[in-house]
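In what follows, a single structure is set out as structure tokens and then discussed.
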Amino acid sequence: MKKNNPLHPFASKKDARMAFDQSAAARVVAQFNFNRRYKRSASEKKAYKPGNIGPSVIATAIKNAYGRILSRRERKQIAERTGQPVQKFYARG
9 MKKNNPLHPF
19 ASKKDARMAF
29 DQSAAARVVA
39 QFNFNRRYKR
49 SASEKKAYKP
59 GNIGPSVIAT
69 AIKNAYGRIL
79 SRRERKQIAE
89 RTGQPVQKFY
99 ARG
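In terms of the working numbering, the sequence shown is numbered consecutively and its last residue is 101.
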């Protein structure tokens, strides 16, 4: 093979194989860098541990003013048992 032939730019099969291996390695590195570029950096905030915050000031004030806050399901169950509807905490006079 001639060096100047445009159809065969490599002087030997060894040179062609080396160029192929280098291009494959360059493609792998480029793909790695492309995928790595868009990942988020690690967060600096401390991880939340359940149960360490406690009730808010507002929730505590409502509980002190109106007693236990019942869910709709709990209010319906009590109403079925007692026969009297249970008002929502904010509906009390």
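Note that beta-carbon positions come from the ideal geometry of N, C-alpha and C, so glycine has one too. Quantities reported herein were computed from a predicted structural model and do not represent experimental measurements.
Between K57 and P63, the gap from beta carbon to beta carbon reaches 9 Å or more. Within its own chain, no residue has a Cβ closer than 7 Å to the Cβ of A67 once the five positions on either side in sequence are excluded.
The beta carbon of P93 sits closer than 6 Å to those of A87, all from its chain and outside the five residues before and after it, given in chain order. When DSSP states are grouped into helix, strand and coil, F18 belongs to the coil group. Under the criterion of beta carbons closer than 8 Å, A32 and F18 do not qualify as touching, at roughly 16 Å.
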